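> Residue numbers (the UniProt record's numbering): 1 to 483. Glycine included, each C-beta is placed from N, C-alpha and C at the ideal position. All values reported here derive from a predicted model rather than from experimental measurement.
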Amino acid sequence: MPGEAIFVNYRQNGSQDGGFDRLPHVQVVEAITERLRRHFGANQVFLDTGIRAGEHYPDALRVKLRDAELLIVVLHRGWLRDLEDRMGRSGVDWVRDEIRTALDDGKHVLPVLIDKAGLPSLDALPEDIRPFALKQLRRIDFGHWERDVRLLIQEVEAYLSPVSLPEKATPPLPRPRHPVLPAITWLVGALIPFAASTVFASTVDQPAWLTAAAVAGVLVLFVISLVAAANSWGYRYLDRLDREYTALPRDLKLDVILALMACSVGLFVLLTIPELSANGRMLLVAVVVLLIIGGGVPGLRKLRSGLDWPQPGVEADPTTVRRAINTAAEHISHFTPPLNRTQRDQGNFALDRVEEAVAGLRELSARRRITWFRATAPWLTSLHTLLAGATVGASVSALPVYWSSGLSHWSAPLWCAAGVVLAVAFQLGALESVYRLHRRRGRAVIETTSEKTARLRALISESSVPAPPKKYEGPSAHRRIAD
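#1: Can you give, in chain order, each stretch of the alpha helix (DSSP H) that sits fully within the stretch 120–185 and has at least 4 residues?
#2: Using 8 Å as the threshold, is the stretch 40–57 in touch with the stretch 100–116, meaning 3 or more CB pairs across them?
#3: Give me, in chain order, the residues of the same chain whose beta-carbon lies closer than 6 Å to that of residue 484; leave out the 5 immediate sequence neighbours on both sides.
#4: Tell me which same chain residues have a C-beta within less than 8 Å of the C-beta of A169, skipping the five on either side of it?
#5: Between S464 and the rest of its own chain, which residues show a CB-CB distance below 7 Å, the 5 nearest in sequence each way excluded?
#6: Quick one: is R368 buried, meaning 16 or more other Cβ sit within 10 Å of its Cβ, or exposed?
#7: Can you give the beta carbon distance from I140 to I32, rounded, assuming they're within the 8 Å contact cut?
#8: In the DSSP assignment, find the unbroken beta strand (DSSP E) run with N326 in it and report its ends.
#9: For S161, which of P179, V223, D67 has the nearest alpha-carbon?
#10: Which partner residues of V8 appear in the DSSP bridge assignment?
#11: Go ahead and label A286 buried or exposed: buried means 16 or more other beta carbons lie within 10 angstroms of its beta carbon, across all protein chains shown.
#12: Taking the alpha carbon of R436 as the reference point, which residue from M282, A214, A229, L219 has its own alpha carbon closest?
#13: Could you pull out every unbroken alpha helix (DSSP H) segment of at least 4 residues lying fully inside the stretch 346–396, listed in chain order?
#14: Am I right that S395 and A214 are in contact with their C-beta atoms under 8 Å? What's the rounded C-beta distance?
#15: What is the DSSP secondary structure of H56, counted as helix, strand or coil?
#16: Just verifying my parser: in three-state terms, what is the DSSP assignment at R433?
#17: Using 8 Å as the threshold, is the stretch 164–179 in touch with the stretch 373–392, meaning 3 or more CB pairs across them?
#18: By DSSP, does V424 sit in helix, in strand, or in coil?
#19: When the Cα atoms are used, what is the spatial distance from L80 to E146?
#20: What does a CB cutoff of less than 6 Å around P171 pick up in its chain, not counting 5 residues either side in sequence?
#21: Alpha carbon to alpha carbon, what distance is there between S164 and Y472?
#22: Quick check: the Cα distance between G41 and D115, rounded to an integer number of angstroms?
#23: Roughly how many angstroms lie between the CA atoms of E356 and N326, to the nearest whole one?
#24: Mapping DSSP to helix, strand and coil, what is L409?
#25: Buried or exposed: P111, going by 16 or more other Cβ atoms within 10 Å of its Cβ?
#26: Straight-line CA distance for V149 to R35?
#27: Out of H76, F132, G78, S121, point me to the one whose CA is closest to E98's CA.
#28: From what residue to what residue does the beta strand (DSSP E) around L339 run?
#29: Quick check: what's the CA-CA separation for I192 versus A390?
#30: So the alpha helix (DSSP H) V223 belongs to, where does it begin and stop?
#31: Using the C-alpha atoms, what's the distance from S411 back to L383?
#32: Of all the options S408, L428, L134, which has the alpha carbon lying nearest to the alpha carbon of I224?
#33: In this structure, how does DSSP classify P400 when only helix, strand and coil are distinguished?
#34: DSSP three-state call for S90: helix, strand or coil?
#35: In this structure, what does DSSP give as the bridge partners for S464?
#36: Cβ of L364 within 8 Å of Cβ of G217?
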(Lines of atoms letter the chains of each structure in order from A; the text may use other names.)
(Lines give C-alpha, C1' and ligand atoms only; values in the text may rest on other atoms or scores of the structure.)
Protein backbone atom coordinates (compact mmCIF):
# COMPACT_ATOMS: atom_id res chain seq x y z
CA MET A 1 0.00 0.00 0.00
CA PRO A 2 1.17 3.57 -0.61
CA GLY A 3 1.56 6.07 2.23
CA GLU A 4 -1.74 6.97 3.96
CA ALA A 5 -3.95 5.01 1.61
CA ILE A 6 -7.09 5.81 3.68
CA PHE A 7 -8.41 9.38 3.97
CA VAL A 8 -11.06 10.03 6.65
CA ASN A 9 -13.56 12.74 5.74
CA TYR A 10 -15.90 14.09 8.43
CA ARG A 11 -17.65 17.22 9.61
CA GLN A 12 -15.70 18.68 12.53
CA ASN A 13 -17.81 21.78 13.26
CA GLY A 14 -21.56 22.28 12.97
CA SER A 15 -23.40 25.55 12.30
CA GLN A 16 -25.39 27.04 15.14
CA ASP A 17 -26.61 30.62 15.75
CA GLY A 18 -24.59 31.88 12.81
CA GLY A 19 -21.36 30.31 14.07
CA PHE A 20 -19.66 26.93 14.20
CA ASP A 21 -19.36 24.65 17.22
CA ARG A 22 -17.35 21.47 17.67
CA LEU A 23 -19.61 18.47 17.05
CA PRO A 24 -19.77 15.71 19.70
CA HIS A 25 -19.29 12.89 17.20
CA VAL A 26 -15.67 13.98 16.57
CA GLN A 27 -14.48 11.67 19.35
CA VAL A 28 -16.21 8.74 17.63
CA VAL A 29 -14.40 9.63 14.40
CA GLU A 30 -11.09 9.67 16.24
CA ALA A 31 -11.90 6.28 17.79
CA ILE A 32 -12.70 4.82 14.36
CA THR A 33 -9.46 6.26 12.97
CA GLU A 34 -7.47 4.77 15.83
CA ARG A 35 -8.89 1.30 15.16
CA LEU A 36 -8.11 1.63 11.47
CA ARG A 37 -4.56 2.73 12.25
CA ARG A 38 -4.10 -0.16 14.64
CA HIS A 39 -5.13 -2.61 11.93
CA PHE A 40 -3.63 -1.09 8.76
CA GLY A 41 -0.72 0.83 10.29
CA ALA A 42 -0.37 4.31 11.75
CA ASN A 43 1.01 5.68 8.49
CA GLN A 44 -1.85 4.30 6.38
CA VAL A 45 -4.77 6.39 7.72
CA PHE A 46 -5.02 10.18 7.44
CA LEU A 47 -7.13 12.45 9.63
CA ASP A 48 -6.89 16.23 9.37
CA THR A 49 -5.76 16.44 12.99
CA GLY A 50 -2.45 15.04 11.77
CA ILE A 51 -1.55 18.20 9.80
CA ARG A 52 1.53 19.78 11.35
CA ALA A 53 1.45 23.25 12.87
CA GLY A 54 2.35 25.92 10.35
CA GLU A 55 1.64 23.68 7.35
CA HIS A 56 -0.57 25.10 4.58
CA TYR A 57 -3.59 22.90 5.23
CA PRO A 58 -5.40 23.33 1.84
CA ASP A 59 -2.34 22.03 0.01
CA ALA A 60 -1.80 19.33 2.62
CA LEU A 61 -5.38 18.10 2.33
CA ARG A 62 -5.26 17.98 -1.46
CA VAL A 63 -1.95 16.11 -1.49
CA LYS A 64 -3.17 13.55 1.05
CA LEU A 65 -6.40 13.02 -0.87
CA ARG A 66 -4.55 12.70 -4.16
CA ASP A 67 -2.33 9.93 -2.77
CA ALA A 68 -5.14 8.06 -0.99
CA GLU A 69 -6.90 5.04 -2.44
CA LEU A 70 -10.04 5.21 -0.33
CA LEU A 71 -12.11 8.07 1.05
CA ILE A 72 -14.13 7.19 4.17
CA VAL A 73 -16.93 9.72 4.70
CA VAL A 74 -18.31 9.68 8.25
CA LEU A 75 -21.95 10.90 8.37
CA HIS A 76 -23.67 11.98 11.59
CA ARG A 77 -27.38 12.81 12.02
CA GLY A 78 -26.96 16.48 11.12
CA TRP A 79 -24.58 15.87 8.22
CA LEU A 80 -27.02 16.88 5.45
CA ARG A 81 -28.25 19.97 7.37
CA ASP A 82 -24.66 21.13 7.89
CA LEU A 83 -23.98 20.58 4.21
CA GLU A 84 -27.00 22.66 3.21
CA ASP A 85 -26.08 25.48 5.65
CA ARG A 86 -22.68 25.85 3.97
CA MET A 87 -24.02 25.85 0.42
CA GLY A 88 -24.99 29.50 0.65
CA ARG A 89 -21.81 30.65 2.40
CA SER A 90 -18.57 31.86 0.90
CA GLY A 91 -15.38 29.84 1.15
CA VAL A 92 -14.59 26.20 0.57
CA ASP A 93 -16.64 23.48 2.18
CA TRP A 94 -13.85 20.93 2.61
CA VAL A 95 -16.18 18.01 3.28
CA ARG A 96 -18.01 18.59 0.00
CA ASP A 97 -14.81 19.43 -1.89
CA GLU A 98 -13.06 16.25 -0.78
CA ILE A 99 -16.04 14.08 -1.76
CA ARG A 100 -16.31 15.79 -5.16
CA THR A 101 -12.56 15.42 -5.81
CA ALA A 102 -12.59 11.73 -4.88
CA LEU A 103 -15.59 11.06 -7.13
CA ASP A 104 -14.03 12.95 -10.04
CA ASP A 105 -10.74 11.05 -9.62
CA GLY A 106 -12.52 7.70 -9.59
CA LYS A 107 -11.40 6.83 -6.04
CA HIS A 108 -13.25 4.43 -3.81
CA VAL A 109 -15.69 6.28 -1.55
CA LEU A 110 -17.18 4.51 1.47
CA PRO A 111 -19.92 6.22 3.56
CA VAL A 112 -19.82 5.28 7.26
CA LEU A 113 -23.00 6.15 9.18
CA ILE A 114 -22.90 6.78 12.94
CA ASP A 115 -25.39 8.07 15.49
CA LYS A 116 -28.34 6.55 13.57
CA ALA A 117 -27.61 8.77 10.58
CA GLY A 118 -29.14 8.15 7.17
CA LEU A 119 -27.60 8.32 3.71
CA PRO A 120 -29.04 11.34 1.81
CA SER A 121 -31.10 10.68 -1.29
CA LEU A 122 -30.01 11.68 -4.77
CA ASP A 123 -32.26 14.75 -4.88
CA ALA A 124 -31.05 16.01 -1.51
CA LEU A 125 -27.39 16.28 -2.58
CA PRO A 126 -25.76 18.93 -4.78
CA GLU A 127 -25.21 17.79 -8.34
CA ASP A 128 -21.42 17.65 -8.07
CA ILE A 129 -21.55 14.97 -5.32
CA ARG A 130 -24.85 13.31 -6.24
CA PRO A 131 -23.23 9.91 -7.09
CA PHE A 132 -22.25 9.74 -3.42
CA ALA A 133 -25.85 8.71 -2.61
CA LEU A 134 -25.39 5.44 -4.53
CA LYS A 135 -22.25 4.29 -2.69
CA GLN A 136 -22.16 1.14 -0.57
CA LEU A 137 -22.43 2.17 3.08
CA ARG A 138 -21.46 0.73 6.45
CA ARG A 139 -23.07 1.51 9.82
CA ILE A 140 -21.51 1.77 13.26
CA ASP A 141 -24.30 1.69 15.85
CA PHE A 142 -24.26 2.17 19.60
CA GLY A 143 -23.97 -1.18 21.40
CA HIS A 144 -22.42 -2.95 18.38
CA TRP A 145 -19.06 -1.21 18.23
CA GLU A 146 -16.80 -4.27 17.95
CA ARG A 147 -18.96 -6.01 15.37
CA ASP A 148 -19.48 -2.92 13.23
CA VAL A 149 -15.83 -1.83 13.29
CA ARG A 150 -14.79 -5.35 12.28
CA LEU A 151 -17.22 -5.22 9.36
CA LEU A 152 -15.84 -1.81 8.42
CA ILE A 153 -12.30 -3.23 8.39
CA GLN A 154 -13.54 -6.03 6.13
CA GLU A 155 -14.89 -3.49 3.68
CA VAL A 156 -11.76 -1.35 3.76
CA GLU A 157 -9.50 -4.34 3.09
CA ALA A 158 -11.47 -5.10 -0.06
CA TYR A 159 -10.75 -1.63 -1.49
CA LEU A 160 -7.02 -1.26 -0.90
CA SER A 161 -4.19 -2.37 -3.18
CA PRO A 162 -2.30 -5.59 -2.39
CA VAL A 163 0.47 -5.44 0.17
CA SER A 164 3.95 -4.92 -1.25
CA LEU A 165 5.87 -8.19 -0.92
CA PRO A 166 9.33 -9.27 -2.11
CA GLU A 167 9.57 -10.55 -5.63
CA LYS A 168 9.30 -14.31 -5.59
CA ALA A 169 12.63 -16.08 -6.18
CA THR A 170 12.70 -19.87 -6.27
CA PRO A 171 16.26 -21.22 -5.89
CA PRO A 172 16.86 -23.86 -8.59
CA LEU A 173 17.38 -27.47 -7.62
CA PRO A 174 20.86 -28.92 -8.28
CA ARG A 175 20.97 -30.25 -11.81
CA PRO A 176 22.69 -33.59 -12.52
CA ARG A 177 26.03 -33.27 -14.26
CA HIS A 178 26.73 -35.10 -17.48
CA PRO A 179 27.54 -38.76 -16.69
CA VAL A 180 30.82 -38.48 -18.56
CA LEU A 181 32.20 -35.90 -16.10
CA PRO A 182 32.51 -38.27 -13.09
CA ALA A 183 34.20 -40.83 -15.34
CA ILE A 184 36.66 -38.23 -16.63
CA THR A 185 37.32 -37.05 -13.07
CA TRP A 186 38.00 -40.62 -11.97
CA LEU A 187 40.40 -41.24 -14.89
CA VAL A 188 42.25 -37.97 -14.28
CA GLY A 189 42.70 -38.99 -10.64
CA ALA A 190 43.99 -42.40 -11.73
CA LEU A 191 46.64 -40.80 -13.97
CA ILE A 192 47.93 -38.31 -11.41
CA PRO A 193 50.05 -40.73 -9.27
CA PHE A 194 51.74 -42.36 -12.26
CA ALA A 195 52.42 -38.98 -13.94
CA ALA A 196 53.81 -37.53 -10.71
CA SER A 197 56.08 -40.52 -10.09
CA THR A 198 57.36 -40.35 -13.67
CA VAL A 199 58.16 -36.63 -13.48
CA PHE A 200 60.04 -37.08 -10.23
CA ALA A 201 61.51 -40.49 -11.14
CA SER A 202 65.07 -39.29 -10.61
CA THR A 203 64.44 -38.05 -7.10
CA VAL A 204 61.99 -40.58 -5.63
CA ASP A 205 61.73 -44.33 -5.30
CA GLN A 206 58.79 -44.96 -7.65
CA PRO A 207 57.57 -48.30 -6.19
CA ALA A 208 57.77 -47.02 -2.63
CA TRP A 209 56.20 -43.68 -3.53
CA LEU A 210 53.25 -45.23 -5.40
CA THR A 211 52.72 -47.77 -2.63
CA ALA A 212 52.70 -45.01 0.00
CA ALA A 213 50.28 -42.95 -2.11
CA ALA A 214 47.94 -45.94 -2.46
CA VAL A 215 48.05 -46.67 1.28
CA ALA A 216 47.47 -43.00 2.14
CA GLY A 217 44.55 -42.79 -0.29
CA VAL A 218 42.97 -45.93 1.15
CA LEU A 219 43.32 -44.55 4.67
CA VAL A 220 41.76 -41.20 3.74
CA LEU A 221 38.88 -42.91 1.92
CA PHE A 222 38.42 -45.17 4.95
CA VAL A 223 38.19 -42.16 7.27
CA ILE A 224 35.69 -40.45 4.95
CA SER A 225 33.63 -43.63 4.73
CA LEU A 226 33.79 -44.07 8.51
CA VAL A 227 32.65 -40.50 9.15
CA ALA A 228 29.81 -40.83 6.63
CA ALA A 229 28.70 -44.12 8.19
CA ALA A 230 28.86 -42.62 11.69
CA ASN A 231 26.71 -39.71 10.56
CA SER A 232 24.21 -42.11 9.04
CA TRP A 233 24.13 -44.34 12.14
CA GLY A 234 23.90 -41.34 14.46
CA TYR A 235 21.11 -39.82 12.43
CA ARG A 236 18.75 -39.33 15.36
CA TYR A 237 21.28 -37.37 17.38
CA LEU A 238 22.37 -35.27 14.40
CA ASP A 239 18.75 -34.61 13.47
CA ARG A 240 17.98 -33.48 17.01
CA LEU A 241 21.08 -31.27 16.96
CA ASP A 242 19.93 -29.77 13.65
CA ARG A 243 16.43 -29.10 15.04
CA GLU A 244 17.85 -27.36 18.09
CA TYR A 245 20.26 -25.30 15.99
CA THR A 246 17.61 -24.12 13.54
CA ALA A 247 15.29 -23.22 16.44
CA LEU A 248 17.78 -20.72 17.85
CA PRO A 249 16.85 -17.06 17.29
CA ARG A 250 18.89 -15.50 14.53
CA ASP A 251 21.07 -12.71 15.92
CA LEU A 252 23.57 -11.30 13.46
CA LYS A 253 25.70 -9.65 16.13
CA LEU A 254 26.00 -12.83 18.16
CA ASP A 255 26.97 -14.88 15.12
CA VAL A 256 29.62 -12.36 14.08
CA ILE A 257 31.08 -12.23 17.61
CA LEU A 258 31.27 -16.04 17.79
CA ALA A 259 32.89 -16.23 14.35
CA LEU A 260 35.50 -13.62 15.31
CA MET A 261 36.24 -15.47 18.56
CA ALA A 262 36.71 -18.74 16.68
CA CYS A 263 39.06 -17.08 14.17
CA SER A 264 41.05 -15.48 16.99
CA VAL A 265 41.46 -18.80 18.80
CA GLY A 266 42.48 -20.49 15.56
CA LEU A 267 45.09 -17.85 14.75
CA PHE A 268 46.46 -18.04 18.31
CA VAL A 269 46.90 -21.80 18.06
CA LEU A 270 48.56 -21.54 14.65
CA LEU A 271 50.96 -18.82 15.76
CA THR A 272 52.05 -20.69 18.90
CA ILE A 273 53.01 -24.01 17.25
CA PRO A 274 56.75 -24.28 18.09
CA GLU A 275 57.61 -26.46 15.10
CA LEU A 276 56.60 -23.77 12.60
CA SER A 277 59.14 -21.30 11.29
CA ALA A 278 58.38 -17.63 10.83
CA ASN A 279 57.76 -18.15 7.12
CA GLY A 280 55.46 -21.06 7.85
CA ARG A 281 53.43 -19.02 10.29
CA MET A 282 53.11 -16.17 7.83
CA LEU A 283 51.95 -18.63 5.19
CA LEU A 284 49.33 -20.10 7.56
CA VAL A 285 48.06 -16.63 8.51
CA ALA A 286 47.78 -15.73 4.82
CA VAL A 287 45.79 -18.91 4.13
CA VAL A 288 43.44 -18.24 7.07
CA VAL A 289 42.88 -14.65 5.96
CA LEU A 290 42.09 -15.79 2.42
CA LEU A 291 39.65 -18.37 3.77
CA ILE A 292 37.95 -15.73 5.93
CA ILE A 293 37.68 -13.30 3.01
CA GLY A 294 36.61 -15.95 0.53
CA GLY A 295 34.14 -17.76 2.77
CA GLY A 296 33.25 -15.15 5.38
CA VAL A 297 31.79 -12.52 3.07
CA PRO A 298 29.41 -14.93 1.27
CA GLY A 299 28.54 -16.46 4.62
CA LEU A 300 27.64 -13.09 6.12
CA ARG A 301 25.66 -12.19 3.02
CA LYS A 302 23.71 -15.43 3.31
CA LEU A 303 23.20 -14.85 7.03
CA ARG A 304 21.91 -11.34 6.41
CA SER A 305 19.51 -12.54 3.72
CA GLY A 306 18.20 -15.10 6.20
CA LEU A 307 17.18 -12.26 8.51
CA ASP A 308 14.94 -10.67 5.87
CA TRP A 309 11.22 -11.11 6.36
CA PRO A 310 9.67 -12.55 4.40
CA GLN A 311 12.40 -14.26 2.39
CA PRO A 312 11.91 -14.19 -1.38
CA GLY A 313 12.95 -17.82 -1.66
CA VAL A 314 14.05 -20.83 0.41
CA GLU A 315 16.60 -23.39 -0.75
CA ALA A 316 15.55 -27.03 -0.84
CA ASP A 317 17.93 -27.98 1.97
CA PRO A 318 16.72 -29.62 5.22
CA THR A 319 18.53 -27.20 7.52
CA THR A 320 17.47 -24.16 5.49
CA VAL A 321 13.84 -25.30 5.38
CA ARG A 322 13.78 -25.86 9.13
CA ARG A 323 15.26 -22.43 9.75
CA ALA A 324 12.71 -20.83 7.41
CA ILE A 325 9.68 -22.48 9.03
CA ASN A 326 10.96 -21.61 12.52
CA THR A 327 11.46 -17.99 11.44
CA ALA A 328 7.94 -17.90 10.03
CA ALA A 329 6.53 -19.40 13.22
CA GLU A 330 8.41 -16.84 15.32
CA HIS A 331 6.98 -13.91 13.35
CA ILE A 332 3.44 -15.26 13.11
CA SER A 333 3.25 -16.15 16.79
CA HIS A 334 4.28 -12.60 17.73
CA PHE A 335 1.51 -11.01 15.64
CA THR A 336 -1.31 -9.63 17.75
CA PRO A 337 -4.78 -10.74 16.57
CA PRO A 338 -6.59 -9.63 14.59
CA LEU A 339 -3.86 -9.72 11.97
CA ASN A 340 -3.83 -6.87 9.52
CA ARG A 341 -3.49 -7.57 5.84
CA THR A 342 0.25 -6.89 5.80
CA GLN A 343 0.87 -9.47 8.53
CA ARG A 344 -1.46 -12.00 6.92
CA ASP A 345 0.01 -11.63 3.43
CA GLN A 346 3.59 -11.72 4.72
CA GLY A 347 2.87 -14.88 6.72
CA ASN A 348 1.22 -16.64 3.78
CA PHE A 349 4.01 -15.52 1.44
CA ALA A 350 6.65 -16.98 3.78
CA LEU A 351 4.73 -20.25 4.11
CA ASP A 352 4.34 -20.44 0.32
CA ARG A 353 8.12 -20.23 -0.04
CA VAL A 354 8.56 -22.97 2.57
CA GLU A 355 6.09 -25.21 0.76
CA GLU A 356 7.97 -24.67 -2.51
CA ALA A 357 11.20 -25.70 -0.78
CA VAL A 358 9.46 -28.78 0.68
CA ALA A 359 8.30 -29.71 -2.83
CA GLY A 360 11.93 -29.42 -3.92
CA LEU A 361 12.99 -31.70 -1.07
CA ARG A 362 10.41 -34.26 -2.21
CA GLU A 363 11.84 -34.17 -5.71
CA LEU A 364 15.40 -34.55 -4.42
CA SER A 365 14.42 -37.43 -2.13
CA ALA A 366 12.72 -39.20 -5.03
CA ARG A 367 15.87 -39.14 -7.18
CA ARG A 368 17.72 -42.40 -7.76
CA ARG A 369 21.20 -42.87 -6.36
CA ILE A 370 23.07 -42.20 -9.59
CA THR A 371 21.05 -39.05 -10.31
CA TRP A 372 21.52 -37.83 -6.76
CA PHE A 373 25.28 -38.50 -6.84
CA ARG A 374 25.60 -36.51 -10.06
CA ALA A 375 23.60 -33.55 -8.76
CA THR A 376 24.29 -33.15 -5.05
CA ALA A 377 27.44 -31.36 -3.84
CA PRO A 378 29.24 -31.63 -7.20
CA TRP A 379 32.54 -30.19 -5.98
CA LEU A 380 32.70 -32.43 -2.93
CA THR A 381 31.73 -35.47 -5.00
CA SER A 382 34.35 -34.54 -7.61
CA LEU A 383 37.11 -34.32 -5.01
CA HIS A 384 36.01 -37.63 -3.54
CA THR A 385 35.98 -39.22 -7.00
CA LEU A 386 39.38 -37.70 -7.80
CA LEU A 387 40.83 -39.14 -4.59
CA ALA A 388 39.35 -42.58 -5.26
CA GLY A 389 40.70 -42.55 -8.80
CA ALA A 390 44.14 -41.49 -7.59
CA THR A 391 44.15 -44.31 -5.03
CA VAL A 392 43.20 -46.89 -7.64
CA GLY A 393 45.72 -45.41 -10.09
CA ALA A 394 48.50 -45.55 -7.50
CA SER A 395 47.64 -49.17 -6.65
CA VAL A 396 47.56 -50.28 -10.27
CA SER A 397 50.67 -48.27 -11.29
CA ALA A 398 52.71 -49.61 -8.38
CA LEU A 399 52.61 -53.18 -9.72
CA PRO A 400 54.27 -52.72 -13.19
CA VAL A 401 56.73 -50.20 -11.74
CA TYR A 402 57.56 -52.72 -9.02
CA TRP A 403 58.15 -55.47 -11.59
CA SER A 404 60.12 -53.20 -13.95
CA SER A 405 62.51 -52.40 -11.12
CA GLY A 406 63.53 -56.04 -10.99
CA LEU A 407 61.60 -56.79 -7.86
CA SER A 408 59.23 -59.71 -7.58
CA HIS A 409 57.05 -61.15 -4.86
CA TRP A 410 53.95 -63.29 -5.04
CA SER A 411 51.96 -60.94 -2.76
CA ALA A 412 52.41 -57.85 -4.97
CA PRO A 413 49.32 -58.53 -7.16
CA LEU A 414 47.27 -59.19 -4.04
CA TRP A 415 48.26 -55.87 -2.50
CA CYS A 416 47.44 -54.13 -5.76
CA ALA A 417 44.03 -55.78 -5.96
CA ALA A 418 43.38 -55.01 -2.28
CA GLY A 419 44.10 -51.31 -2.88
CA VAL A 420 41.71 -51.19 -5.84
CA VAL A 421 38.93 -53.08 -4.04
CA LEU A 422 39.24 -51.08 -0.82
CA ALA A 423 39.33 -47.73 -2.63
CA VAL A 424 36.18 -48.53 -4.63
CA ALA A 425 34.42 -50.07 -1.61
CA PHE A 426 35.18 -47.13 0.67
CA GLN A 427 34.08 -44.62 -1.96
CA LEU A 428 30.80 -46.42 -2.65
CA GLY A 429 30.25 -46.95 1.08
CA ALA A 430 30.72 -43.26 1.84
CA LEU A 431 28.36 -42.21 -0.97
CA GLU A 432 25.74 -44.73 0.12
CA SER A 433 25.89 -43.53 3.73
CA VAL A 434 25.56 -39.90 2.67
CA TYR A 435 22.68 -40.79 0.35
CA ARG A 436 20.82 -42.64 3.09
CA LEU A 437 21.39 -39.77 5.52
CA HIS A 438 20.10 -37.30 2.93
CA ARG A 439 16.97 -39.36 2.32
CA ARG A 440 16.20 -39.76 6.04
CA ARG A 441 16.76 -36.07 6.80
CA GLY A 442 14.69 -35.01 3.82
CA ARG A 443 11.75 -37.22 4.75
CA ALA A 444 11.81 -36.10 8.37
CA VAL A 445 11.86 -32.43 7.42
CA ILE A 446 9.10 -32.92 4.84
CA GLU A 447 6.82 -34.57 7.38
CA THR A 448 7.37 -32.17 10.28
CA THR A 449 7.43 -29.03 8.11
CA SER A 450 4.20 -29.93 6.32
CA GLU A 451 2.42 -30.37 9.65
CA LYS A 452 3.84 -27.13 11.05
CA THR A 453 2.95 -25.22 7.90
CA ALA A 454 -0.65 -26.42 8.13
CA ARG A 455 -0.86 -25.33 11.79
CA LEU A 456 0.56 -21.89 10.99
CA ARG A 457 -1.88 -21.39 8.11
CA ALA A 458 -4.74 -22.31 10.41
CA LEU A 459 -3.42 -19.83 12.99
CA ILE A 460 -3.27 -17.07 10.37
CA SER A 461 -6.81 -17.85 9.25
CA GLU A 462 -8.17 -17.87 12.79
CA SER A 463 -6.38 -14.64 13.73
CA SER A 464 -7.27 -12.69 10.58
CA VAL A 465 -10.26 -10.54 9.83
CA PRO A 466 -12.61 -12.63 7.64
CA ALA A 467 -13.11 -11.71 4.02
CA PRO A 468 -15.84 -9.14 3.28
CA PRO A 469 -19.35 -10.58 2.81
CA LYS A 470 -20.60 -10.82 -0.74
CA LYS A 471 -22.49 -7.70 -1.75
CA TYR A 472 -25.98 -7.73 -3.19
CA GLU A 473 -26.46 -6.55 -6.76
CA GLY A 474 -28.86 -3.80 -7.73
CA PRO A 475 -29.39 -0.05 -7.22
CA SER A 476 -30.40 -0.41 -3.56
CA ALA A 477 -27.50 -2.66 -2.59
CA HIS A 478 -26.15 -0.16 -0.09
CA ARG A 479 -29.38 -0.22 1.88
CA ARG A 480 -29.80 -4.02 1.92
CA ILE A 481 -26.36 -4.87 3.24
CA ALA A 482 -26.41 -2.08 5.79
CA ASP A 483 -29.84 -2.90 7.14
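In short, the structure shows the following:
#1: Those alpha helix (DSSP H) runs which fall completely within the stretch 120–185 and span 4+ residues are 145–159.
#2: At 8 Å Cβ cutoff, the stretches do not touch.
#3: This structure does not reach residue 484, given that the chain is present from 1 up to 483, and the question cannot be answered.
#4: Result list for A169: P312, G313, in chain order.
#5: Here the set comprises P338, L339, R344.
#6: It counts as exposed.
#7: Sure, about 7 Å apart at Cβ, within 8 Å.
#8: Here N326 belongs to no beta strand (DSSP E); instead the alpha helix (DSSP H) covers 318–334.
#9: Of the listed residues, the one whose Cα sits closest to S161 is D67.
#10: Within the DSSP bridge table, the entry for V8 names I72 as partners.
#11: A286 should be labelled exposed.
#12: For R436, the closest of M282, A214, A229, L219 by C-alpha to C-alpha distance is A229.
#13: As far as the stretch 346–396 is concerned, its whole alpha helix (DSSP H) runs of at least 4 residues are 369–375.
#14: About 4 Å separates the beta carbons of S395 and A214, which is inside the 8 Å limit, making them a contact pair.
#15: In this structure, DSSP gives H56 a state outside helix and strand, which the three-state scheme calls coil.
#16: Per the sequence shown, the amino acid found at residue 433 is Ser instead of Arg. Residue state, collapsed to three classes: helix.
#17: With the cut-off at 8 Å, the stretch 164–179 and the stretch 373–392 touch.
#18: Three-state result, V424: helix.
#19: Here the alpha carbons of E146 and L80 stand approximately 27 Å from one another.
#20: G313, E315, listed in sequence order.
#21: Because the pLDDT at Y472 is just 35, under 50, the model does not fix this residue reliably, and the value given afterwards should be weighed accordingly. For Y472 and S164, the distance between alpha carbons rounds to 30 Å.
#22: Whole-angstrom Cα-Cα distance: 26 Å.
#23: So the alpha carbons of these two residues sit roughly 16 Å apart.
#24: Reading off the sequence, residue 409 comes out as His, not Leu. Secondary structure of H409 (DSSP, three-state): coil.
#25: Only buried fits P111, as 16 or more other CB atoms lie within 10 angstroms of its CB.
#26: Cα-Cα distance, rounded: 8 Å.
#27: Shortest Cα-Cα distance from E98 to any of H76, F132, G78, S121 involves F132.
#28: That residue, L339, is in no beta strand (DSSP E); it is neither H nor E in DSSP.
#29: When rounded, the distance between both Cα atoms is 6 Å.
#30: From DSSP, the alpha helix (DSSP H) with V223 extends over 206–233.
#31: Roughly 31 Å separates the two Cα atoms.
#32: Comparing alpha-carbon positions, the option among S408, L428, L134 lying closest to I224 turns out to be L428.
#33: In the structure shown, P400 adopts helical secondary structure according to DSSP, grouped into three states.
#34: Three-state DSSP puts S90 in coil, outside helix and strand.
#35: L339.
#36: The beta carbons of L364 and G217 sit no closer together than 8 Å.
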